[in-house]
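> In terms of numbering that gives the first Met the number 0, the sequence shown opens at residue 0 and continues consecutively. By construction, the Cβ of each residue, glycine as well, lies at the ideal position given by its N, Cα and C atoms. Below you'll find the structure I mean.
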Amino acid sequence: MKHILIYGDSNTFGTAPMRDLTDSPILPRGVRWGDQMAQALGDNYAVTIEGLPGRTTVFDDPVEGEHLNGLRILPAILHSHKPIDLLIIALGTNDQKRKFGLGTIDIALGVARLIREAMASGVVQHTLAICPPVVEIRGELGDIFYGGPERASDLPRLMERSAVREGAAFFDAGKHIHVDALDGVHWNAQAHASLGEAVAKVIPDLI
């Protein structure tokens, strides 16, 4: 049996589109894209989902806490779930928040750093980087992500280049799904289903 670990943010965790910042809806287990992917892959694959709302690639969040830095906790998570045939890194959305002031290349290089860390751990065989769909400026999250669409306009190209350079596979989620119009960041159930099915189709060629 092949073991897949998904390392992501709120969209991997299953946060549903939010009406406002006090809203914290969560999609049921089985609906999340990771669950959908696992169902599509079948019994020959075991899928572990590690999604944390607010998680960045490698950047400390000065407001919400350093624990959201995806690099800090990655080694512990990898060794907690070893051995891992495929690590899927599904990050980059939170890096687009205005408070970080990052350029597109910074986000892509953050993903590349995670790939290097994973491959150096000795417990990961292969990695797949998934670039998130472009955020939209809507609702109360719009102020948090103001400027995000511009900062990430070239993210698929740069992330693919960085991932391939590190020996990882690449998948552009934006070619398959879009963010929900309610908050411009999170994905609805249909998007989760579409992404899960699409990613499942490329897995057999990777492991």
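Who are residue 44's beta bridge partners in DSSP?
According to DSSP, residue 44 bridges with 1.
> Report the residue ranges of all beta strand (DSSP E) runs contained in full by the segment 17-73; include only those spanning at least 3 residues, in chain order.
Runs of the beta strand (DSSP E) inside the segment 17-73: 44-50.
> Which whole-angstrom value is the C-beta distance of residue 7 and residue 117, which I expect to be below 8 Å?
Residue 7 to residue 117, Cβ: 14 Å. No contact.
> Using a Cβ-Cβ cut-off of 6 Å (strictly less than) and excluding sequence neighbours within five positions of residue 60, which residues of its own chain qualify?
Result list for residue 60: 67, in chain order.
> Suppose you measure from the CA of residue 155 to the CA of residue 136; what does that come to, to the nearest Å?
Near 19 Å, if we compare the C-alpha coordinates of residue 136 and residue 155.
> Could you name the residues of the same chain whose beta carbon sits closer than 7 Å to that of residue 93, not counting the 5 residues immediately before and after it, in chain order?
Cβ neighbours of residue 93 beyond the five flanking positions: 8, 53, 54 and 55.
> Along the chain, where does the alpha helix (DSSP H) that runs through residue 144 open and close?
Here residue 144 belongs to no alpha helix (DSSP H), and DSSP marks it neither H nor E.
> Buried or exposed for residue 159, going by 16 or more other Cβ atoms inside 10 Å?
Label assigned to residue 159: buried.
> Who are the near neighbours of residue 132 in its chain, counting only those whose CB is closer than 6 Å to its CB and skipping five residues on each side?
If we look at residue 132 and ignore the five residues flanking it on each side, its Cβ neighbours are 172, 173, 176, 177 and 178.
> Measuring straight from C-alpha to C-alpha, what distance separates residue 12 and residue 37?
Whole-angstrom Cα-Cα distance: 15 Å.
> Under a three-way DSSP split, which group does residue 103 fall into?
Reduced to three states, the DSSP call for residue 103 is helix.
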